[in-house]
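Protein sequence lines, in the order shown, are assigned to chains A and B. Note that UniProt numbering gives residue 90 to position 90 of the first sequence, counting from 1, and the numbers run on in steps of one. Note that UniProt numbering gives residue 163 to position 163 of the second sequence, counting from 1, and the numbers run on in steps of one. C-beta: ideal position from N, C-alpha, C; glycine also. Worksheet for the structure shown next.
There are 2 protein chains.
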Amino acid sequence: MATALKRKGGSKSEGTTRIQGINRRIILDAALEVFSAYGFRGSTIDQIATKAGMSKPNLLYYFPRKQNIYVTVLEDTLEEWLRPLDDIDPDGDPVEELRKYITLKLKMSEEKPEASRLFANEILHGAPAISDFLKGHLKKLVDEKATVIRRWVDERKLAPVDPYHLIFMIWATTQHYADFDVQVRAILGSQVNRPGFHEQTAQAVIGIILNGIKPRD
Amino acid sequence: MATALKRKGGSKSEGTTRIQGINRRIILDAALEVFSAYGFRGSTIDQIATKAGMSKPNLLYYFPRKQNIYVTVLEDTLEEWLRPLDDIDPDGDPVEELRKYITLKLKMSEEKPEASRLFANEILHGAPAISDFLKGHLKKLVDEKATVIRRWVDERKLAPVDPYHLIFMIWATTQHYADFDVQVRAILGSQVNRPGFHEQTAQAVIGIILNGIKPRD
DNA sequence: CTGCATTTTGACCAAGTAGTCAAGTTTTTG
DNA sequence: CAAAAACTTGACTACTTGGTCAAAATGCAG
Numbered sequence: 001m002a003t004a005l006k007r008k009g010g011s012k013s014e015g016t017t018r019i020q021g022i023n024r025r026i027i028l029d030a031a032l033e034v035f036s037a038y039g040f041r042g043s044t045i046d047q048i049a050t051k052a053g054m055s056k057p058n059l060l061y062y063f064p065r066k067q068n069i070y071v072t073v074l075e076d077t078l079e080e081w082l083r084p085l086d087d088i089d090p091d092g093d094p095v096e097e098l099r100k101y102i103t104l105k106l107k108m109s110e111e112k113p114e115a116s117r118l119f120a121n122e123i124l125h126g127a128p129a130i131s132d133f134l135k136g137h138l139k140k141l142v143d144e145k146a147t148v149i150r151r152w153v154d155e156r157k158l159a160p161v162d163p164y165h166l167i168f169m170i171w172a173t174t175q176h177y178a179d180f181d182v183q184v185r186a187i188l189g190s191q192v193n194r195p196g197f198h199e200q201t202a203q204a205v206i207g208i209i210l211n212g213i214k215p216r217d
Numbered sequence: 001m002a003t004a005l006k007r008k009g010g011s012k013s014e015g016t017t018r019i020q021g022i023n024r025r026i027i028l029d030a031a032l033e034v035f036s037a038y039g040f041r042g043s044t045i046d047q048i049a050t051k052a053g054m055s056k057p058n059l060l061y062y063f064p065r066k067q068n069i070y071v072t073v074l075e076d077t078l079e080e081w082l083r084p085l086d087d088i089d090p091d092g093d094p095v096e097e098l099r100k101y102i103t104l105k106l107k108m109s110e111e112k113p114e115a116s117r118l119f120a121n122e123i124l125h126g127a128p129a130i131s132d133f134l135k136g137h138l139k140k141l142v143d144e145k146a147t148v149i150r151r152w153v154d155e156r157k158l159a160p161v162d163p164y165h166l167i168f169m170i171w172a173t174t175q176h177y178a179d180f181d182v183q184v185r186a187i188l189g190s191q192v193n194r195p196g197f198h199e200q201t202a203q204a205v206i207g208i209i210l211n212g213i214k215p216r217d
């Protein structure tokens, strides 16, 4: 039989037991750590299994292929990662909405840098596992928000700016603090750990970008 | 004997022959392509050898370890990659100097995205091979330029802005177009290939950042 | 052209790793 | 509590891959 996970015949169609729920969660958490640190090819099933506290065959009982674990972690992460963009309110104040968005993205980079790195690594290597997602769901979402931003520009609520490049700039800048963390630390040294560092970062980033796009009369 | 490459005894101390010069160049070019596409762990010596048009043992005759090839490519790349920052003229016009710098970085991302990706991948995975370089040479260079920018701010030639975060933002944004190329393409589609796309990108990026840091009276 | 140094490679080895399997243990359920 | 289902794992296989080696081919100085 092909499917590894099944239930007693005729039972609920929802095919997960208590133990499955627990273990899949443990595995995915371990996998995020490992994959984000070493990349797909650089990670071994054994590493993930050890971090998850179980044997390799046991892990493979839940995810029969290494690819399966990877894709699942990636998809789970992606959904969460994009949500803030979706939450930009077309009827809000443009500058305020973008301030909120940038703040949120910086906070996510701070709190879950592994997610950012996992994603960055995937894209960097050509996004073999999610190119459909990029061209489909992501493009649609970005197109939508770009339209909103363009309207804001037309209404003179923002300086004339290309919406797509603005979005790229926000992504690039905010994720930089997660993806290039070691470089940031090498250059800034211990001040990265000082309290208030993240607020200071947010202020600097927001300052430049928002001043760059505020309408000039 | 430990050294693989040697010359006829007592000859010139410059230990490279004609063939060595040619082949090392070929290997390093092939290695940049392969490593930037697949990362260190994801690349095989065989891949590089094939792309270089020689057998694996032959490649290993020139670089006895996979690490050696990688580190050599990385160092060669790094030097070139940082040069534009070094070229910022402390006595030039601030806005003009930064415009030049951003333009140059965007051009490099367009013309040699592999170099950017190689570097991004290394940093993303903790920079095991170049952390000394980051904390030494790079930090020194950035500190130097940050001082210049800070002086420009003090002289009211730029709006008050944190020099380090400004530099990070420029790096992040310009390299984004190389490192996240597939994502940019997925979202913008065919217009990425239209003539003038890069000029348009430059204009958008420069527009936001420079407006963001121009002194406001 | 000769002989030595350099370059090249097929065949091989050892280590590491994805995935299998059959046999055990634990959990659930009637 | 007994049987069935779900879970767990040690031992194993097949394959990939970094690196070795000895012998052959080529380049080159005199």
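Please state whether the Cβ-Cβ distance between ILE88 (chain A) and GLN183 (chain B) is less than 8 Å.
Result no, Cβ atoms of ILE88 (chain A) and GLN183 (chain B) do not sit closer than 8 Å.
For VAL205 (chain A) and ILE48 (chain A), I'd like the C-alpha separation in whole angstroms.
Distance between the alpha carbons of VAL205 (chain A) and ILE48 (chain A) is about 36 Å.
Measuring CB to CB, does ALA30 (chain A) end up less than 8 Å from LYS51 (chain A)?
In this structure, LYS51 (chain A) lies closer than 8 Å to ALA30 (chain A) by Cβ.
Who are the near neighbours of ASP179 (chain A) in its chain, counting only those whose CB is closer than 7 Å to its CB and skipping five residues on each side?
So the qualifying residues of the chain are SER116, ARG117 and ALA120.
Around the Cβ of GLN175 (chain A), are there at least 16 other Cβ atoms within 10 angstroms (buried) or fewer (exposed)?
Label assigned to GLN175 (chain A): buried.
Along chain A, which residues have their Cβ under 7 Å away from the Cβ of ALA172 (chain B)?
Those are ALA172, THR173 and HIS176, listed as they occur along chain A.
Helix, strand or coil for GLU110 (chain B), going by three-state DSSP, please let me know.
It is helical.
Give a yes or no on whether the C-beta atoms belonging to ILE213 (chain A) and ILE213 (chain B) are separated by under 8 Å.
No.
Which ranges would you report for the alpha helix (DSSP H) in the region 44-68 of chain A if only whole runs of at least 4 residues count?
DSSP runs (the alpha helix (DSSP H)) wholly in the region 44-68 of chain A: 45-52 and 56-62.
Taking a contact to mean a Cβ-Cβ separation below 8 Å, would you say TYR62 (chain A) touches ASN23 (chain A) in this structure?
In this structure, ASN23 (chain A) lies closer than 8 Å to TYR62 (chain A) by Cβ.
Does DSSP put LEU158 (chain B) in a helix, in a strand, or in coil?
The answer is coil: DSSP assigns LEU158 (chain B) none of H, G, I, E or B.
Between which two residues does the alpha helix (DSSP H) carrying ILE213 (chain B) extend?
First-last of the alpha helix (DSSP H) with ILE213 (chain B): 197-213.
Does the pairing of the region 159-178 of chain B with the region 139-149 of chain B give three or more beta-carbon distances under 8 Å?
Output reads yes: the region 139-149 of chain B touches the region 159-178 of chain B.
Counting only C-beta atoms, is ASN193 (chain A) closer than 8 Å to chain B at any point?
So, not an interface residue.
Taking the alpha carbon of SER131 (chain B) as the reference point, which residue from A:LYS105, A:ASP181, A:SER36 and A:SER131 has its own alpha carbon closest?
The candidate whose alpha carbon is nearest that of SER131 (chain B) is A:ASP181.
Starting from ILE187 (chain A), trace the alpha helix (DSSP H) both ways and give me its first and last residue.
181-188 is the extent of the alpha helix (DSSP H) around ILE187 (chain A).
Under 8 Å between the Cβ atoms of THR173 (chain A) and THR173 (chain B)?
Against a cut-off of 8 Å, the Cβ pair of THR173 (chain B) and THR173 (chain A) comes out as a contact.
Quick one: which chain A residues come within Cβ less than 9 Å of SER131 (chain B)?
Simply VAL182 and ALA186.
Under 8 Å, Cβ to Cβ, is there at least one residue of chain B near TYR164 (chain A)?
TYR164 (chain A) counts as touching chain B.
Provide the residue span of the alpha helix (DSSP H) that contains ILE88 (chain A), from first to last.
Where ILE88 (chain A) is concerned, there is no enclosing alpha helix (DSSP H), given that its DSSP letter is neither H nor E.
Using a Cβ-Cβ distance cut-off of 8 Å, determine whether GLY53 (chain B) contacts chain A.
By this cut-off, GLY53 (chain B) is not an interface position.
Please list, in chain order, the chain A residues whose beta carbon lies closer than 7 Å to that of LYS139 (chain B).
ALA186 and ILE187, listed in chain order.
Closest to LYS139 (chain A) by C-alpha separation, out of A:LEU98, A:LEU85 and A:ARG151, would be which residue?
Taking only the C-alpha atoms, the option nearest LYS139 (chain A) is A:LEU85.
When you compare the CB positions of LEU106 (chain A) and TYR177 (chain A), do they come within less than 8 Å of one another, or not?
Yes. Within cutoff.
Any heavy atom of the ligand MN closer than 7 Å to the Cβ of LYS139 (chain B)?
As far as ligands go, the structure on display features none, and thus does not contain the ligand MN.
Using the Cβ count rule (16 or more neighbours within 10 Å means buried), how would you classify THR17 (chain A)?
Looking at its Cβ environment, which holds fewer than 16 other Cβ atoms inside 10 Å, THR17 (chain A) is exposed.
In chain A, which residues lie with their C-beta within 7 Å of the C-beta of ALA115 (chain B)?
Residues of chain A passing the Cβ test: none, with the nearest at roughly 13 Å.
THR16 (chain A) by DSSP, collapsed to three states: which one?
THR16 (chain A): coil per DSSP, three-state reduction.
Output needed for VAL34 (chain A): all residues of its chain with C-beta closer than 7 Å, excluding positions within five of it in sequence on either side, in chain order.
So the list reads SER43, GLN47, ILE48 and LYS51, once near-sequence residues are dropped.
Spatial neighbours of LEU210 (chain B) within its chain, please: C-beta separation below 7 Å, excluding the five flanking residues on both sides.
Same-chain partners within the cutoff: VAL95, LEU98 and ARG99.
Which residues in the same chain as HIS198 (chain B) place their Cβ atom closer than 6 Å to its Cβ, once the five residues preceding and following it in sequence are excluded?
Taken in chain order, the residues that qualify are GLU110.
Can you tell me whether PRO128 (chain A) is helix, strand or coil according to DSSP?
Reduced to three states, the DSSP call for PRO128 (chain A) is coil.
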